[in-house]
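Visitor:
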Amino acid sequence: MVPKKRICEILEDYDLGDITIATLCSHSSMQIFNGAKKEGFKTLGLAVNQKTKFYDAFPLAKPDEFIRFDSYDDFIDRAGELRDRNVIIIPHGSFVEYMGTRRFEQMEVPTFGNRAVLKWEEDRDTQRAWLESAGIQMPRKIPDAKDIREPVLVKYNGAKGGRGFFIAKDYMEFKMGIDLSQESYTIQEYILGTRYYLHYFYSPIRKHGYRVGEGSLELMSMDRRDESNIDELYKLGATEELKKHGMFPSLVVTGNIPVVIRESLLSKVLEMGENVILKSYELFGGLIGPFCLESIVTDKLDFKVFEISCRIVAGTNPFISGSPYSDLIEPGMSTGQRIAREIKDARDNNALDLVLS
Numbered sequence: 482m483v484p485k486k487r488i489c490e491i492l493e494d495y496d497l498g499d500i501t502i503a504t505l506c507s508h509s510s511m512q513i514f515n516g517a518k519k520e521g522f523k524t525l526g527l528a529v530n531q532k533t534k535f536y537d538a539f540p541l542a543k544p545d546e547f548i549r550f551d552s553y554d555d556f557i558d559r560a561g562e563l564r565d566r567n568v569i570i571i572p573h574g575s576f577v578e579y580m581g582t583r584r585f586e587q588m589e590v591p592t593f594g595n596r597a598v599l600k601w602e603e604d605r606d607t608q609r610a611w612l613e614s615a616g617i618q619m620p621r622k623i624p625d626a627k628d629i630r631e632p633v634l635v636k637y638n639g640a641k642g643g644r645g646f647f648i649a650k651d652y653m654e655f656k657m658g659i660d661l662s663q664e665s666y667t668i669q670e671y672i673l674g675t676r677y678y679l680h681y682f683y684s685p686i687r688k689h690g691y692r693v694g695e696g697s698l699e700l701m702s703m704d705r706r707d708e709s710n711i712d713e714l715y716k717l718g719a720t721e722e723l724k725k726h727g728m729f730p731s732l733v734v735t736g737n738i739p740v741v742i743r744e745s746l747l748s749k750v751l752e753m754g755e756n757v758i759l760k761s762y763e764l765f766g767g768l769i770g771p772f773c774l775e776s777i778v779t780d781k782l783d784f785k786v787f788e789i790s791c792r793i794v795a796g797t798n799p800f801i802s803g804s805p806y807s808d809l810i811e812p813g814m815s816t817g818q819r820i821a822r823e824i825k826d827a828r829d830n831n832a833l834d835l836v837l838s
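482 is the number of the first residue of the sequence shown in this note's numbering; add one for each residue after it.
Shown next, in the form of structure tokens:
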């Protein structure tokens with residue numbers, strides 16, 4: 482991990498009036514670039530084999546410039562080039578997954594948020610310890626696949642957009658679905674209910690609104706996910722018969738659907754976010770900026786959180802012009818713009834060290 486002292490030294494050499502917001506050309510990059518432009522920042526697209534012509538179709542989300550890298554190791558080797566441009570990196574799911582925690586931690590470029598959270602996020606056992614110690618209810622973990630006696634969800638470590646995740650009802654189905662090339666996985670009970678992805682933003686420097694600790698918690702938006710092919714496969718009949726023909730349910734996320742939850746549940750939603758933030762400060766110095774609690778709401782109106790994503794998630798993309806929740810805080814505010822606003826406010830108040838690592 483790059484020491485915080487080193488990041489502060491780098492910021493001392495920055496021209497803070499000429500900051501450039503940069504991220505990988507994938508995932509939620511259009512929202513991030515659009516939000517940065519609205520706040521008056523220069524923007525830089527980072528590409529490693531990503532196609533970039535599609536940005537021409539969306540001029541308000543096209544970065545001012547692109548830099549191409551041969552590999553993700555280049556981010557380490559060419560960090561000086563990014564520092565010369567006064568770059569602040571915005572992490573997102575694809576960026577963290579493709580680059581890997583180790584390389585992301587070593588990159589000597591100021592990054593929005595607390596990079597210490599990456600190790601707590603990438604390992605599902607560590608993540609569970611954090612969330613359960615914060616009082617969050619989670620699906621029960623099945624330690625041994627041979628003990629599967631009820632429907633379970635098998636998930637691989639890391640942010641993979643649902644790729645490879647599968648449902649099994651017994652040990653035989655588990656053996657049919659498991660990819661032994663994956664280093665690690667978690668088996669958890671399958672909860673019946675409605676999945677809601679809750680998008681929050683925590684600011685350690687904002688002193689009004691829903692106060693948590695020294696800062697403020699905001700509920701930005703919510704979504705559900707379209708998943709291929711499980712969202713259509715059921716139309717063909719019982720999955721047991723389909724598996725005999727080589728058709729296996731897949732949970733790969735292909736799109737996002739806006740959601741508004743019943744208002745009586747908002748108190749629970751905010752309390753969960755509050756508890757996660759407070760525990761994060763105890764454990765590793767705090768979760769800063771956007772995060773998402775991926776939850777299931779049962780018919781008893783209980784929340785079961787099956788995962789946390791500790792950065793901007795693609796489920797915020799339907800809300801580039803704001804959401805029913807962010808519009809009640811500041812109309813038209815996206816999570817991408819909220820990140821840029823936090824950087825701008827921190828810069829103007831000599832507090833960048835509180836939001837960057």
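We put the CB at the ideal spot given by N, CA and C, even for glycine.
(1) Can at least three beta-carbon pairs, one atom from the segment 774-782 and one from the segment 486-503, be found at a separation below 8 Å?
(2) Exposed or buried, residue 593, counting other C-beta atoms within 10 Å across all chains shown (16 or more means buried)?
(3) Within the continuous beta strand (DSSP E) that includes residue 679, where are the two ends?
(4) Here's a check: name, in chain order, each residue in its chain whose Cβ is nearer than 7 Å to the Cβ of residue 520, leaving out the five neighbours to either side.
(5) By Cβ distance, which residues of its chain are closer than 6 Å to residue 772, with the 5 residues on each side in sequence left out?
(6) Grouping DSSP H, G and I as helix and E and B as strand, with all else coil, what is residue 666?
(7) Counting only runs of 3+ residues fully inside the segment 738-786, write out the beta strand (DSSP E) ranges in chain order.
(8) Can you tell me where the beta strand (DSSP E) with residue 636 in it begins and where it stops?
(9) I'd like to check one pair, residue 568 with residue 615: are the Cβ atoms closer than 8 Å?
(10) Leaving out the 5 sequence neighbours to the left and right, which residues in its chain are closer than 8 Å to residue 686 when beta-carbon positions are compared?
(11) Per DSSP, which residues does residue 526 bridge with? Please list them.
(12) As a quick exercise: from 684, 801 and 575, pick the residue whose alpha carbon is nearest that of residue 531.
(13) Could you check which residue in 573, 556, 566 and 554 has the C-alpha nearest to that of residue 509?
(14) For residue 795, which residues of its own chain have a beta-carbon under 7 Å away from its beta-carbon, when the five flanking residues on both sides are left out?
(15) What are the boundary residues of the alpha helix (DSSP H) that includes residue 801?
(16) With DSSP collapsed to three states, give me the class of residue 719.
(17) Quick check on residue 649: does DSSP put it in helix, strand or coil?
(18) Do you know whose CA, among 739, 621, 651 and 586, lies nearest residue 705's CA?
(19) Give the straight-line distance between the Cα atoms of residue 642 and residue 735, rounded to the nearest whole angstrom.
(20) Please identify the residue among 534, 700, 623 and 528 whose C-alpha is closest to the C-alpha of residue 808.
(21) How many angstroms separate the CA atom of residue 551 from the CA atom of residue 590?
(22) Would you identify the three-state DSSP class for residue 661, choosing helix, strand or coil?
(23) Nearest to residue 525 by alpha carbon, out of 535, 545 and 517?
(24) Could you tell me which uninterrupted beta strand (DSSP E) segments, each at least 3 residues in length, are contained entirely in the segment 537-593, listed from first to last along the chain?
(25) Give me the residue from 553, 557, 608 and 523 with the minimum Cα distance to residue 578.
(26) Taking only three categories from DSSP, how would you classify residue 625?
(27) Can you tell me the Cβ-Cβ gap for residue 683 and residue 634, rounded? I've got them flagged as a contact below 8 Å.
Guide: Put simply:
(1) no
(2) buried
(3) 675-684
(4) 818, 821, 822 and 825
(5) 681 and 791
(6) strand
(7) 770-778
(8) 633-637
(9) no
(10) 696, 823, 826, 827, 830, 832, 835 and 836
(11) 504 and 547
(12) 575
(13) 573
(14) 508, 509, 574 and 737
(15) First-last for residue 801: undefined, no H or E at that position.
(16) Only weak support exists for where residue 719 lies, its pLDDT of 49 falling under 50; the value from the coordinates is given anyway. The answer is coil: DSSP assigns residue 719 none of H, G, I, E or B.
(17) strand
(18) 739
(19) Below a pLDDT of 50, predicted positions are generally treated as unreliable, and residue 642, at 49, falls in that range; no measurement from the model is reported.
(20) 700
(21) 18 Å
(22) coil
(23) 545
(24) 546-549 and 568-570
(25) 553
(26) coil
(27) About 28 Å; that fails the 8 Å criterion.
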